[in-house]
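Chains as they are written, first to last, in our numbering: chain G, 9 to 121; chain F, 64 to 177. Cβ atoms here follow ideal geometry from the backbone N, Cα and C, with glycine treated the same way. Keep in mind the model is a prediction, meaning the values are calculated, not measured. A short write-up of the structure that comes next.
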Amino acid sequence: SQQGEEDPQALSIQEGENATMNCSYKTSINNLQWYRQNSGRGLVHLILIRSNEREKHSGRLRVTLDTSKKSSSLLITASRAADTASYFCATDAGGTSYGKLTFGQGTILTVHP
Amino acid sequence: DVKVTQSSRYLVKRTGEKVFLECVQDMDHENMFWYRQDPGLGLRLIYFSYDVKMKEKGDIPEGYSVSREKKERFSLILESASTNQTSMYLCATSPLGFSADTQYFGPGTRLTVL
């Protein structure tokens, strides 16, 4: 079963607006990561938040983690057309994982100029 | 910067052919992964390797095998390609660590099996 599930599946906004994507997961984790994928390309790492952290910032990105609710959110502020992409959360279930991550199905973000 | 390259961006093969997809990384990472990505299903792990000659099955290994003879190279093999293996294939690497670190992805290979 999917460890990470994103919500919404698709999001359409205007340039300058904020975009919020959510991720829920089922089991305990060591960390949760967010990735971006431009159409037809590989994924690019955005941010990693550890299980003992509640919030993290990177430029226009803000990630929160609520381990009691097993959920995370990614906020992109002042969005730009170049932010149009798919966004995935990925979880590390811990243990002897050999670096394995479990990815969700992704949120497709469209930012209209 | 980590560089992960994949042998082809686009590939068209016929049913029953043996297909090799190669992934090469230049950052001396121990972990390497092969995923396939299909619409609505996200990324699914096929196989991964945490050391030379070591391999572990992921969530969907059926119909695939892998080879890791050198640290920098991880090959995915479709022994007898079938149409349901038409997909985007993504390779990724990460350093060895206690918990999963950032994964670095190649550009992907879009495989079509006719």
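In whole angstroms, what is the alpha-carbon distance linking residue i and residue j?
i	j	result
Val115 of chain F	Glu61 of chain G	34 Å
Lys78 of chain G	Tyr33 of chain G	6 Å
Ala98 of chain G	Tyr43 of chain G	8 Å
Lys118 of chain F	Phe96 of chain F	10 Å
Glu125 of chain F	Pro102 of chain F	19 Å
Asp125 of chain G	Leu117 of chain G	For residue 125 of chain G there is no data in the structure shown, the boundaries of chain G being 9 and 121.
Ser130 of chain F	Leu153 of chain F	16 Å
Ala89 of chain G	Arg72 of chain F	25 Å
Leu82 of chain G	Glu13 of chain G	13 Å
Lys134 of chain F	Phe111 of chain G	25 Å
Gln88 of chain F	Ile21 of chain G	37 Å
Leu69 of chain G	Ile123 of chain F	33 Å
Ile84 of chain G	Lys64 of chain G	12 Å
Glu25 of chain G	Gly79 of chain F	50 Å
Gln69 of chain F	Ser80 of chain G	32 Å
Gly48 of chain G	Thr146 of chain F	20 Å
Asp91 of chain G	Val71 of chain G	16 Å
Ser66 of chain G	Cys31 of chain G	18 Å
Cys86 of chain F	Leu74 of chain F	14 Å
Report the three-state DSSP secondary structure of residue i (helix, strand or coil).
i	result
Asp101 of chain F	strand
Thr85 of chain G	coil
Asp91 of chain F	coil
Thr149 of chain F	coil
Asp100 of chain G	strand
Asp91 of chain G	helix
Met117 of chain F	coil
Asn39 of chain G	strand
Gln10 of chain G	Low confidence applies to Gln10 of chain G: its pLDDT is 42, below 50, so where it sits in the model is not reliable, and the reading given next is rough at best. In the structure shown, Gln10 of chain G sits in coil (DSSP, three-state: anything other than H, G, I, E or B).
Thr78 of chain F	coil
Residues in the same chain with beta-carbon distance under 6 Å from residue i, minus the five sequence neighbours each way, listed in chain order, please.
i	result
Lys76 of chain F	Val82, Ala144 and Val176
Ala18 of chain G	Ile116
Asn46 of chain G	Ala93
His53 of chain G	Tyr43
Quick one: residues in its chain with C-beta nearer than 7 Å to the C-beta of residue i, no 5 flanking neighbours on either side, listed in chain order?
i	result
Thr149 of chain F	Leu174, Thr175 and Val176
Thr165 of chain F	Ser157
Asn39 of chain G	Leu56, Ile57, Arg58, Ser59 and Asp100
Tyr100 of chain F	Just to set this straight, residue 100 of chain F is Gln in the shown sequence, not Tyr. The answer, listed in chain order, is Leu106, Ser150, Met151 and Leu153.
Glu23 of chain G	Ser87, Arg88, Ala89, Val119, His120 and Pro121
Leu159 of chain F	Glu93, Asn94 and Tyr113
Who are the Cβ neighbours of residue i in its own chain at under 8 Å, not counting the five residues just before and after it?
i	result
Phe168 of chain F	Val67, Leu153, Cys154 and Ala155
Leu124 of chain G	What is shown of chain G runs 9 to 121, which leaves residue 124 of chain G out entirely.
Write down the C-beta distance between residue i and residue j rounded to the nearest angstrom, noting that I regard them as a contact closer than 8 Å.
i	j	result
Ser128 of chain F	Leu84 of chain F	Rounded, the Cβ-Cβ distance is 11 Å, inconsistent with contact.
Gly121 of chain F	Leu108 of chain F	3 Å
Here's the rule I'm using: 16 or more other beta-carbon atoms within 10 Å means buried, otherwise exposed. How should residue i be labelled?
i	result
Ser9 of chain G	Low confidence applies to Ser9 of chain G: its pLDDT is 36, below 50, so where it sits in the model is not reliable enough to give any reading.
Met29 of chain G	buried
Ser112 of chain F	buried
Thr35 of chain G	exposed
Leu73 of chain G	buried
Ser76 of chain G	exposed
Gly171 of chain F	buried
Gly50 of chain G	buried
Gly107 of chain G	buried
Asp114 of chain G	Rather than Asp, the amino acid found at residue 114 of chain G in this sequence is Gly. Gly114 of chain G is buried by the Cβ-count criterion.
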